[in-house]
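**Student:**
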Amino acid sequence: MGMQVNVKELLTQLYYNRNVIEFLFGNRDSITVNELLGRDDITAEQYQKLINYEILYEHQSVVSVNDAVIAMFEDFMEIGEVTPGFISDYINELKRHIRYYQEGRENRFLRSIKKYLKRINNAISREIIKLQKNVDDTYKNESNYRIKLQKLEDYREKRDTIIEFIRKTEDVVDETRNLFTLTNDIELYGIVGVLKSSLIENLDYLIEIQTDITDYINKIQFQLDVYKKAQRIKEIKDHGELHYKTNFREVVKDINPIGFNGHKSPRTKIPIDFLFTDDGYMLCQRVAEKYKITRLMARRMADKLPSDFKEQHVENSVRLDTSALVDKFLSQNKHNLFEFLANYKFPKAIGNITFEERITLFVEIVLEYDKALDFKYRLQYYEYEDAEKRKKKLGYTLILPKKELKKEGKKKRLAD
Amino acid sequence: MDYKLPKQTHEIFSIMARGHFISSNGTKDNMGKLYDIINNPENFDHFQEYFNIIRYKIERGNNFFYFSKLEETNSIIEKKLETFEKYIDIIDLFASMDNKITIGSRFRPSEIAEECNANVRLKQKLQKIPLYRSETLSNKVREICDLMTRDSFLEKEDEVSENYKVLDSYSYLMDMINSIAIYEEPPGSENAGGIIYN
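Keeping their order, the protein sequence lines are chains A and B.
For what it's worth, numbering that gives the first Met the number 0 labels the leading residue of the first sequence as 0, then goes sequentially.
For what it's worth, numbering that gives the first Met the number 0 labels the leading residue of the second sequence as 0, then goes sequentially.
1. Tell me the residue span of the beta strand (DSSP E) that contains threonine 396 (chain A).
2. Whose C-alpha, out of A:Ile257, A:Ser330, A:Glu384 and A:Leu397, is nearest the C-alpha of lysine 79 (chain B)?
3. Check the DSSP bridge columns for threonine 245 (chain A) and list the partner residues they point to.
4. I'd like the ranges of any beta strand (DSSP E) spanning at least 3 consecutive residues and lying wholly in the region 340–384 of chain A.
5. Skipping 5 residues on each side, what residues in its chain have a beta carbon closer than 6 Å to that of tyrosine 376 (chain A)?
6. Considering Cα atoms alone, identify which of B:Asn61, B:Lys164, B:Ile102 and B:Ile128 is closest to valine 140 (chain B).
7. Which residues mark the beginning and the end of the beta strand (DSSP E) in which glutamate 156 (chain B) is found?
8. Terminal residues of the continuous alpha helix (DSSP H) containing isoleucine 271 (chain A)?
9. Nearest-angstrom Cα distance between isoleucine 78 (chain A) and glutamate 240 (chain A)?
10. Quick check: the Cα distance between histidine 19 (chain B) and glutamate 10 (chain B), rounded to an integer number of angstroms?
11. Which full runs of the alpha helix (DSSP H) of 4+ residues lie inside the region 91–161 of chain A, going along the chain?
12. Report buried or exposed for valine 251 (chain A), applying the criterion of at least 16 other Cβ atoms within 10 angstroms of its Cβ.
13. Measuring CB atoms only, is the region 261–273 of chain A touching the region 113–121 of chain B, in the sense that at least three cross pairs come out at less than 8 Å?
14. Give the secondary structure of threonine 82 (chain A) by DSSP, where H, G and I count as helix, E and B as strand, and everything else as coil.
15. For the alpha helix (DSSP H) holding lysine 228 (chain A), just list the boundary residues, first then last.
16. Going by DSSP in three states, leucine 55 (chain A) sits in which element: helix, strand or coil?
17. Tell me, please, whether the CB atom of lysine 78 (chain B) is closer than 9 Å to any CB atom in chain E?
18. Please check if any C-beta of chain B sits within less than 9 Å of the C-beta of arginine 231 (chain A).
19. Residues of chain B with CB closer than 7 Å to the CB of histidine 262 (chain A), please, in chain order.
20. From what residue to what residue does the beta strand (DSSP E) around glutamate 58 (chain B) run?
21. Name the chain A residues that come within less than 7 Å of lysine 99 (chain B), Cβ to Cβ?
22. Quick check: the region 75–95 of chain A against the region 152–166 of chain A, are at least 3 beta-carbon pairs closer than 8 Å?
23. Suppose the cutoff is 8 Å on Cβ atoms and the five residues either side in sequence are ignored; what does the same chain contact list for glutamate 384 (chain A) look like?
24. Suppose the cutoff is 6 Å on Cβ atoms and the five residues either side in sequence are ignored; what does the same chain contact list for lysine 167 (chain A) look like?
25. Report back the beta-carbon spacing between leucine 151 (chain A) and valine 134 (chain A) to the nearest angstrom; my notes put them in contact at under 8 Å.
26. Just reading off the beta strand (DSSP E) that isoleucine 162 (chain B) is part of, what are its end residues?
27. Which chain B residues are close to arginine 248 (chain A), counting only those with a beta carbon under 8 Å from its beta carbon?
28. Could you name the residues that DSSP lists as bridge partners for isoleucine 30 (chain A)?
29. Going along chain A, which residues have a C-beta under 9 Å from aspartate 35 (chain B)?
30. Does the beta-carbon of serine 322 (chain A) have 16 or more other beta-carbons within 10 angstroms, so that it is buried, or is it exposed?
31. Which residues of the region 158–174 of chain B have a Cβ closer than 7 Å to any Cβ of chain A? Give them in chain order.
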């Protein structure tokens, strides 16, 4: 025997255990007590409490939520089994209250009449939506053929029942039209108006559903027939008579999908350029491995960059602060730019700076700091030894610091 | 020249030119989406016009599309006969199962193998289907599923659980069976009346 509960308590319990309720609602009739208690969100004590409230039931160690709760959720979400019985109950209630009103003409009966008219309208719409969903669902997901056919037939019956209720409702409304007119109640007129138009609309939906059901049943029937035929053909085939007793050969001859006619998908050659990319290399290697061709495996990808590659790079660029170098050059007056760079003693941390690198630096500075430099547009020559110890002579433009123009010039002339 | 083709044209071509079907209930390679794109009447005409130039024709089935070749005689009849004789064997097996496999059904090869194992007639049917790697029943069923997936009648939904789904293109096979005419049907064999041999 369950405990006496009030709405507030019930809501509290449902809310407090909302995770469990949701879980059980999502996995109806498949969760055992042990599975449930294995979850973190419920203790044995709470579980017992829910049993006492009759929110949960336990049957052969399978836990299920109270049908009333499930029905409430399903009704709200417009899912679940189609239950046209409700409509019938509402119609009977409506009739009853109409009778009372005919006797008593009291407002409270009129209120009930309005309530049931609205309920009937809602219930019919809801049942039709559910019917539509269930029909689709059955056709798409029910794997057992016979059950599928049966279910669809059942839905066809339910559809007929709903149509019957719509007719009944229409009759009731028609019969009591005079009574309703007498009430002179605007709200009632409105409700009846909405009900009537939605009944017509709903009839249309039902006709559509009927077409769907018939269509589905036909499709299934077609498949069943084809399967029967397939078995018959197989029998003929097993007797070795397939080519003589049927037009199998002609049918197959006309089969036109390219897949069955020996068409291979169009093939293209790989562009040579692609083979030189890293992706191309991977492809070559896969081919080489497959066919054991060592020649193709010879070419390797570049080694991985050292992990500190970036830092090294950053370090160098910080140390080789060209602007500081230029400042130093500008503040001296002994050398022209080329000589200055060629002889400059770079800090040890940077490492050895080769002659080539110094030339690069020269060009860089010339391009970047041309404003601060005095270009003499005269060539000078510099003699040096290259890697093979051959004597070489390099011509360069004479460049001096701008502010020291005169002095430098004099000195230069002396040097010349 | 502007054919007003959707950007998925290449995808569609590369699937269908491989000889595969594009089914509305397929999920791999965006299949369902591609189906909708071809099915759009505006696109369909453009596609047809475009592919006709390279002698492909889009053929429309019940919720699926495929390519045929224009003005070409279908020559390799022997190979085709062999293929479709095999399909008769397979469909006969499917037809004899308790849970009929049909468009939209999902199944695992192990389920079929189990049912075949429990039923001598089914077992025999399965064993007689001419395939090669067939030491065990379940391998044989797997091989059948592979074959049908290659021909794009099935789709492997999940590699791990080996769940297969029957695609809309399966109705091509149904139509093929349906169009076979049986001559001089002996009297009385037509009265099976809704009962499927099982």
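No residue lacks a Cβ here, since even glycine has one placed at the ideal position from N, Cα and C.
**Tutor:** Result, derived from the coordinates:
1. Taking the first residue of the first sequence as position 1, residue 396 (chain A) is located at position 397. It spans 390–400 - the beta strand (DSSP E) in which threonine 396 (chain A) sits, taken as one unbroken run.
2. By one-based count along the second sequence, residue 79 (chain B) stands at place 80. Measuring from the Cα of lysine 79 (chain B), the nearest candidate turns out to be A:Ile257.
3. Position 246 of the first sequence, counted from the first residue, corresponds to residue 245 (chain A). When DSSP reads this structure, threonine 245 (chain A) sits in a beta bridge with B:Ile181.
4. As far as the region 340–384 of chain A is concerned, its whole beta strand (DSSP E) runs of at least 3 residues are 372–384.
5. Position 377 of the first sequence holds residue 376 (chain A). Contacts found: none.
6. If you number the second sequence from 1, residue 140 (chain B) lands on position 141. Checking every option, the nearest Cα to that of valine 140 (chain B) belongs to B:Ile128.
7. Residue 156 (chain B) sits at position 157 when you count from the first residue of the second sequence. Element bounds for glutamate 156 (chain B): 153–157.
8. On the first sequence, position 272 is the one that residue 271 (chain A) refers to. Looking at the DSSP string, the run of the alpha helix (DSSP H) that includes isoleucine 271 (chain A) is 271–274.
9. Within the first sequence, numbered from 1, the residue matching residue 78 (chain A) stands at position 79. Within the first sequence, numbered from 1, the residue matching residue 240 (chain A) stands at position 241. Taking the straight line from one Cα to the other gives about 52 Å.
10. Within the second sequence, residue 19 (chain B) is the residue found at index 20, counting from 1. Within the second sequence, residue 10 (chain B) is the residue found at index 11, counting from 1. The alpha-carbon atoms of histidine 19 (chain B) and glutamate 10 (chain B) are separated by roughly 12 Å.
11. Segments of the alpha helix (DSSP H) lying fully in the region 91–161 of chain A: 106–140.
12. Here residue 251 (chain A) is taken as the residue at index 252 of the first sequence, counted from 1. Classification for valine 251 (chain A): buried.
13. The region 261–273 of chain A, when compared against the region 113–121 of chain B, does not touch it at the 8 Å Cβ threshold.
14. Here the question's residue 82 (chain A) lines up with position 83 in the first sequence. Looking at threonine 82 (chain A) - three-state DSSP - the assignment turns out to be coil, as it is neither helix nor strand.
15. For the purposes of this step, residue 228 (chain A) is taken as residue 229 along the first sequence, with counting starting at 1. Under the DSSP assignment, lysine 228 (chain A) falls in the alpha helix (DSSP H) whose first and last residues are 185–237.
16. Taking the first residue of the first sequence as 1, we reach residue 55 (chain A) at position 56. In the structure shown, leucine 55 (chain A) sits in a strand (DSSP, three-state: E or B).
17. Of the chains in the structure shown, none is chain E; the protein chains are A and B.
18. The count along the first sequence starts at 1 and reaches residue 231 (chain A) at position 232. Yes, contact with chain B.
19. The residue given as residue 262 (chain A) occupies position 263 in the first sequence. Result: Gly18 and Lys68.
20. The sequence position of residue 58 (chain B) within the second sequence is 59, counting from 1. Element bounds for glutamate 58 (chain B): 55–60.
21. By 1-based counting over the second sequence, the position of residue 99 (chain B) is 100. Residues of chain A passing the Cβ test: Tyr144 and Tyr226.
22. With the cut-off at 8 Å, the region 152–166 of chain A and the region 75–95 of chain A touch.
23. Here residue 384 (chain A) corresponds to residue number 385 of the first sequence, with the count starting at 1. Same-chain partners within the cutoff: Lys390 and Lys391.
24. Here residue 167 (chain A) refers to the residue found at position 168 of the first sequence. In its chain, beyond the 5 residues on either side, Ile90 have a beta carbon closer than 6 Å to the beta carbon of lysine 167 (chain A).
25. Indexing the first sequence from 1 puts residue 151 (chain A) at position 152. Indexing the first sequence from 1 puts residue 134 (chain A) at position 135. That belief holds up - the Cβ atoms of leucine 151 (chain A) and valine 134 (chain A) are roughly 7 Å apart, short of 8 Å.
26. Numbered from its first residue, the second sequence carries residue 162 (chain B) at position 163. According to the sequence shown, residue 162 (chain B) is asparagine rather than isoleucine. From DSSP, the beta strand (DSSP E) with asparagine 162 (chain B) extends over 162–165.
27. In the first sequence, the residue the question calls residue 248 (chain A) occupies position 249. Those are Ile76 and Leu80, listed as they occur along chain B.
28. Numbered from its first residue, the first sequence carries residue 30 (chain A) at position 31. According to DSSP, which records beta bridges pairwise, isoleucine 30 (chain A) is partnered with A:Val62.
29. Translated into the one-based positions of the second sequence, residue 35 (chain B) becomes position 36. Within 9 Å Cβ-Cβ: nothing; aspartate 35 (chain B) doesn't reach chain A, min ~18 Å.
30. Locating residue 322 (chain A) in the first sequence gives position 323, counting from the first residue. Looking at its Cβ environment, which holds fewer than 16 other Cβ atoms inside 10 Å, serine 322 (chain A) is exposed.
31. Listed by position along the chain: Met173.
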